[in-house]
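Numbers 1401 to 1638, taken from my numbering, label the letters of the sequence shown in order.
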Amino acid sequence: MLVFLPDIQVAIDRRQRHGATEFAAFPVWQRQAAGAYIGLCTLVLWDRRRHLWAVFRKALALSSPLDDIHEPIGYRTAILIITGVTVLLLFFCIKAGMTLWTAGIFLASYFSISITITRMRAELEIPVHHLWYAGATGPDTIMVNIFGTKGLGPANLTTMGLFYGFNRDYRNHPQPHQLEDVKMVKLIVAKSKSIFIATISDIALGSFGSFLLYLIMTYRMPGTHGLHVGREAFTRLQ
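Here it is in structure tokens:
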């Protein structure tokens, strides 16, 4: 399939130059890309279904062939953390103005793309995985194409528009970098718990520092540091 991809792209480009864009968004490559990413995530989860089932059995203290003694944290702790964080994210989205079902679909779509990017980085070792102008293929656009603006409502559309900051371009996605940390720890035979603690600490420190620095820069030089990102996010709300 990948062998014929360049020829397909050339054919699409030629059709566009000869007026084949008469249909809305033809050839809808943004929608195709979004479907491809979600499809790849589905394939990954299906391929690892036996391993994931064994992880759940281990977390529930049932018989399982897996041993998590060499993992950074136990499987039960990991599942509890994932569950707790999911609940907090849903709570945050609801408080921001989204409905429960909209927040659930939005987060599911986002993490589907995240899992696919991380898998691509792990298997192909590609240094770049940004989806330029991913707002055309992100969860918000996917949901608008499926349910329509009327079906989602103003509150959901506004909140999803404000989430454009982490859906515009996935080139700085933290998940692939975290996976590389785990891989390097295994190669150098270091303590996995140490890198886990360091990663969590860096996330907390980096989140606080980035918000603080962005606030300082946009306050001192708003035209230089605040216009570009703010313009794209708020233009989508108009």
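Using N, Cα and C, we set each Cβ at its ideal position, and we do this for glycine too.
Here the structure is a predicted model, which means the values were calculated and not measured.
Query, Result
"Specify, as a first and last residue, the run of the alpha helix (DSSP H) that residue 1539 falls within.", "1539-1562"
"Take the Cβ of residue 1597 as the centre, count every other Cβ of all protein chains shown within 10 Å, and call the residue buried at 16 or more, exposed below.", "exposed"
"List in chain order: all unbroken alpha helix (DSSP H) runs of 4+ residues lying wholly within the segment 1465-1497.", "1475-1496"
"Examine the Cβ distances between the segment 1472-1483 and the segment 1495-1508 and report whether three or more of them are shorter than 8 Å.", "no"
"Cβ atoms of residue 1444 and residue 1513: under 8 Å apart, would you say?", "no"
"Going by the beta-carbon positions, is the gap between residue 1561 and residue 1503 smaller than 8 Å?", "no"
"Apart from the five residues just before and just after residue 1578, which ones in its own chain have a Cβ nearer than 7 Å to its Cβ?", "1599"
"Which value, in whole angstroms, describes the spacing of the CA atoms of residue 1569 and residue 1484?", "27 Å"
"Assuming residue 1539 and residue 1509 make a contact with CB atoms under 8 Å, what is their CB distance in whole Å?", "4 Å"
"Would you give the residue range spanned by the alpha helix (DSSP H) that residue 1640 belongs to?", "The displayed coordinates of the chain run from 1401 to 1638. Any statement about residue 1640 would go beyond what the structure contains."
"Apart from the five residues just before and just after residue 1573, which ones in its own chain have a Cβ nearer than 6 Å to its Cβ?", "1517"
"For residue 1542, which residues in the same chain have their Cβ closer than 7 Å to its Cβ, ignoring the five residues on either side in sequence?", "1434, 1509"
"Give the secondary structure of residue 1604 by DSSP, where H, G and I count as helix, E and B as strand, and everything else as coil.", "helix"
"Apart from the five residues on each side of it in sequence, which residues of its chain come closer than 6 Å, Cβ to Cβ, to residue 1458?", "1464, 1466, 1475"
"Does residue 1567 pass the burial test, meaning 16 or more other C-beta atoms within 10 Å, or should it be called exposed?", "buried"
"Within the continuous alpha helix (DSSP H) that includes residue 1460, where are the two ends?", "Where residue 1460 is concerned, there is no enclosing alpha helix (DSSP H), given that its DSSP letter is neither H nor E."
"For residue 1581 and chain B, any beta-carbon pair shorter than 8 Å?", "Absence of chain B from the displayed structure is noted, only one protein chain being present."
"For residue 1522, which option in 1607, 1552, 1580 has the closest C-alpha, if you only look at C-alpha atoms?", "1580"
"Less than 8 Å separating the beta-carbons of residue 1490 and residue 1558?", "no"
"Report the three-state DSSP secondary structure of residue 1432 (helix, strand or coil).", "helix"
"Check residue 1638 in the structure and name its three-state DSSP category.", "coil"
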